[in-house]
Amino acid sequence: MTLSSNFGRAIDLGALGKPAVPVVAAGKEVTAATFTTEFLTLSHTKPVILICWSVRSPESIKVVEILSTLQMSDADRWVLGTVNVDVETQVAQALQARTVPYAVALIAEQLVPLFEQSYPEAQIRMVIEKILAIAAEQGIGSAVEERMEPEEEEALAAIEAGDFLVAEAAYKKLLTRKPQDSFAKLGLAQTQLLIRTSAIDAAAVSVAAATEPNNLELQIQCADIEIASGDVEGAFNRLLRCVRTFEGSEQGRAKAHLLELFALVDPADPRLVKARSALASALF
304 MTLSSNFGRA IDLGALGKPA VPVVAAGKEV TAATFTTEFL TLSHTKPVIL
354 ICWSVRSPES IKVVEILSTL QMSDADRWVL GTVNVDVETQ VAQALQARTV
404 PYAVALIAEQ LVPLFEQSYP EAQIRMVIEK ILAIAAEQGI GSAVEERMEP
454 EEEEALAAIE AGDFLVAEAA YKKLLTRKPQ DSFAKLGLAQ TQLLIRTSAI
504 DAAAVSVAAA TEPNNLELQI QCADIEIASG DVEGAFNRLL RCVRTFEGSE
554 QGRAKAHLLE LFALVDPADP RLVKARSALA SALF
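Numbering of the sequence shown is given in the working numbering, commencing with residue 304 and proceeding in unit increments.
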């Protein structure tokens, strides 16, 4: 949507109450004059994020603060403009703001609505990264480079040095801080596989597992060796046989280990999809 045609439209922000003295000082203040002479022009070289706020809305002020923090952390890869809807009513009309907080992006003078309520910093960060990626695809600005968590850096350095226990501890620290971090979960699973396989004789375990099919410990070790060497189907089939063969606590252990190996494979991998189906059939 081109914005020049939006000036002069009616807007209803009356529900906010009586204006007070502005207290926000973050980003660049947007006025009717600078909107067209500065921000629309800037949107051809960098993504522009405009946040409509009011001193009558503490939530909107909080969002302005979050955006200001994110902009500084991004080293000015994008421009932050703040619109005081109590003062710059013409700009608010052009942006079609109906409430605050209300955030939009400008990319080459095109309006991209973002959100019209308060969100936590993590969610706003995701929105900003998406806008940077969209703008970069159009040759405007650049996407935010993926940042590595300090614990992940510590873990990778430890793996490089062959110290898998230190790497395991680092991933566990990261998961304590960010329990839903999928990369940390995968890193921990891979590191624990390295710990399990680094101390065993792969050739000897493979021979022993073939001669003792009912030795669950050997079957688990052999499955670890197989998945570490890329034989995903072999590892899954081995433990699926154990789930079907064993009972009680041994069956439970075989199932638990199989689920650990599942975590090492892309969820969309057809071998994993097939193995999950086979596990369900074996159990029910």
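Just so it is clear, CB atoms sit at the ideal spot from N, CA and C, and this is done for glycine as well.
- Taking a cut-off of 8 angstroms for Cβ pairs, the segment 338-356 and the segment 381-390 touch, as three or more such pairs fall below it.
- DSSP places Gln413 in the uninterrupted beta strand (DSSP E) bounded by Gln413 to Phe418.
- By the Cβ neighbour-count rule, Gln413 is exposed, with fewer than 16 other Cβ atoms within 10 Å of its own.
- Close CB contacts of Leu478 within its chain, under the 8 angstroms cut and outside five residues either way in sequence, are with Asp484, Ala487, Lys488 and Leu491 (chain order).
- The beta-bridge partner set that DSSP reports for Ala406 consists of Ile354 and Phe418.
- Assigned with DSSP and collapsed to three states, Thr334 falls in coil, not helix or strand.
- Inside the segment 443-485, DSSP marks no whole beta strand (DSSP E) run of 3 or more residues.
- When C-alpha distances from Leu575 are compared across Arg547, Ala557 and Phe539, the shortest belongs to Phe539.
- In terms of CA proximity to Lys475, Glu454 leads the group Glu454, Met375, Ile431 and Arg579.
- Less than 8 angstroms separates the beta-carbon of Ser346 from that of Ile410.
- Beta-bridge pairing by DSSP links Gly384 to Lys331 and Leu353.
- In the structure shown, Leu370 adopts helical secondary structure according to DSSP, grouped into three states.
- A Cβ-Cβ contact shorter than 8 angstroms links Thr500 with Asp527.
- Residue state for Ile434 is assigned as helix, using DSSP reduced to three classes.
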